[in-house]
Amino acid sequence: MAYANTDETVSLLKELVSIPSPSGNTNEVITYVENYLKELQVETKRNRKGGLIATLPGKDQKNHRMLTAHVDTLGAIVKEIKPSGRLKLDLIGGFKYNSIEGEYCEIETSSGKKFTGTILMHQTSVHVYKDAGKAERNQDNMEVRLDEKVHSVDDVRALGIAVGDFVSFDPRVQTTPSGYIKSRHLDDKASVAILLQLIKQVKAENIELPYTTHFLISNNEEIGYGGNSNITPETVEYLAVDMGAMGDGQSTDEYTVSICVKDASGPYHYELRKRLTQLAIDNEIGYKLDIYPYYGSDASAAIRSGHDIIHGLIGSGIDSSHAFERTHKDSIENTAKLLYHYVQSEMIL
-2 MAYANTDETV
8 SLLKELVSIP
18 SPSGNTNEVI
28 TYVENYLKEL
38 QVETKRNRKG
48 GLIATLPGKD
58 QKNHRMLTAH
68 VDTLGAIVKE
78 IKPSGRLKLD
88 LIGGFKYNSI
98 EGEYCEIETS
108 SGKKFTGTIL
118 MHQTSVHVYK
128 DAGKAERNQD
138 NMEVRLDEKV
148 HSVDDVRALG
158 IAVGDFVSFD
168 PRVQTTPSGY
178 IKSRHLDDKA
188 SVAILLQLIK
198 QVKAENIELP
208 YTTHFLISNN
218 EEIGYGGNSN
228 ITPETVEYLA
238 VDMGAMGDGQ
248 STDEYTVSIC
258 VKDASGPYHY
268 ELRKRLTQLA
278 IDNEIGYKLD
288 IYPYYGSDAS
298 AAIRSGHDII
308 HGLIGSGIDS
318 SHAFERTHKD
328 SIENTAKLLY
338 HYVQSEMIL
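The sequence shown runs -2 to 346 under this note's numbering.
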């Protein structure tokens, strides 16, 4: 059985992570996905929140499936221009300031101009500041050093930079000969790449899906509400394709697909979880079951908003989530394989 080309998926992933898309400023990457699907002659529409919905008709048009992955990422926004000409940030998404210290960044003005900079502690120089290593990494101590000749608030404003401008982080994407992919924003652009490749394969092989299947590319997941609307009344199963979280006490690794049993919102649907597990076993797909203690997904957001659906969550295993992320081609491949069999499987009705 031929599966989607994993190298092609990784290449697509590298393109996606290289497009800045912090929550709240995702039009460019949504347009990229929209054009990708247009070339495949797939029907799409945008919702009012700016997300994208693609639909593949199935044999059963009364009972629908929906799969979702999110294209928005962590980021920041300009909170204040300091008298020194440096910028104070306000964070977008759930992460800590220490995870972006020393990071190259890009500031996009409301007119579309882009400027580069570096996120640093104010007390960075050990030759000047005695507490350089001990000072707290927080909003007051961290700032953006612009790569422009600016020495005052007026200098910065003359560039067109203002409070409210979006700040994105350099993904620093790399692939290694041993099969690892290192990059920011693997959460969740790895899953977006996998879903796009799945749609491409279904179209190329003229696969008739058993149920009409929607693919929601959401754009507000990192702030909690990306996938809780635009779910058709016919939708029975709703599967979030996000990331598997790794760390002490976790079973998720960088080589298998992670099937979530429970996260901070509570357990996922037991029968759907068992169905996904059985599909992995039957098709010799490497998988791990896991619990993510400090995590929520678009599927859990959909449940909280009142939708009567069967909800699940799977994803590639991602090391150092919301920081210096890494996964392996094997995990992407196993996730893609499980999805390939899932969209062709019988539904829990």
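Even for Gly, the Cβ is constructed at its ideal location relative to N, Cα and C.
Strand pairing of residue i, partner residues [DSSP]
| i | result |
| --- | --- |
| V75 | L86 |
| Y284 | V254 |
| L156 | Paired residues: none, contrary to the question. |
| V238 | I311 |
| R43 | L49 |
| V141 | L84 and I116 |
| S215 | H67 |
| D260 | G263 |
| Q341 | BP columns for Q341 are empty, so no partner. |
| I104 | F112 and V164 |
| N178 | Looking at the sequence shown, residue 178 is not Asn but Ile. For I178, which the question treats as bridged, DSSP gives the partners T172 and T324. |
| D316 | R323 |
8 Å Cβ cutoff met for residue i and residue j
| i | j | result |
| --- | --- | --- |
| T332 | I311 | yes |
| I204 | Q341 | yes |
| G221 | T65 | no |
| F212 | I228 | no |
| S318 | D167 | no |
| P54 | T232 | no |
| K326 | Y0 | no |
| K85 | E145 | no |
| E31 | T41 | yes |
| K179 | L37 | no |
| Q120 | N135 | no |
| P230 | K56 | no |
| V351 | K11 | With the chain covering -2 to 346 only, the question about residue 351 has no answer from this structure. |
| N217 | S81 | no |
| N60 | L276 | no |
Backbone CA spacing between residue i and residue j [nearest angstrom]
| i | j | result |
| --- | --- | --- |
| R62 | H308 | 10 Å |
| F92 | E133 | 15 Å |
| R181 | E330 | 19 Å |
| I215 | H67 | Note on residue identity: the sequence assigns Ser, not Ile, to residue 215. Their Cα atoms are separated by approximately 4 Å. |
| T113 | C102 | 6 Å |
| Y252 | K79 | 45 Å |
| S248 | S149 | 50 Å |
| R272 | Y339 | 9 Å |
| V164 | L9 | 23 Å |
| Q194 | Y29 | 14 Å |
| L34 | V189 | 12 Å |
| T3 | V258 | 26 Å |
| L117 | V123 | 13 Å |
| V14 | A320 | 14 Å |
| V39 | G99 | 41 Å |
| N22 | K46 | 11 Å |
| D162 | D152 | 16 Å |
| D87 | K131 | 22 Å |
| Y265 | I97 | 32 Å |
| Y94 | P290 | 21 Å |
| G263 | R301 | 11 Å |
| L336 | G303 | 25 Å |
| T52 | K127 | 58 Å |
Local Cβ density within 10 Å of residue i, reported as buried at 16 or more and exposed below that
| i | result |
| --- | --- |
| R83 | buried |
| V125 | exposed |
| Q58 | exposed |
| D245 | exposed |
| I16 | buried |
| I27 | buried |
| E219 | buried |
| T173 | exposed |
| N280 | exposed |
| G48 | buried |
| I278 | exposed |
| E202 | exposed |
| E322 | buried |
Cβ-Cβ separation, residue j to residue i (assumed contact under 8 Å), whole Å
| i | j | result |
| --- | --- | --- |
| A299 | I306 | 6 Å |
| T70 | S18 | 6 Å |
| I89 | I74 | 6 Å |
| Y292 | I256 | Not confirmed; about 14 Å, so no contact. |
| S297 | D260 | 7 Å |
| E268 | M344 | Not confirmed; about 10 Å, so no contact. |
| V160 | K76 | 7 Å |
| S313 | A187 | 5 Å |
| K110 | G72 | Their Cβ separation, rounded to whole angstroms, is 17 Å, which puts K110 and G72 out of contact at 8 Å. |
| A237 | D295 | 5 Å |
| S328 | N44 | Incorrect: roughly 30 Å between the Cβ atoms, too far for contact. |
| T115 | R142 | 5 Å |
Check: residue i C-beta below 7 Å from any heavy atom of the ligand NAP
| i | result |
| --- | --- |
| V7 | With respect to the ligand NAP, the structure shown offers nothing to examine, as it has no ligands at all. |
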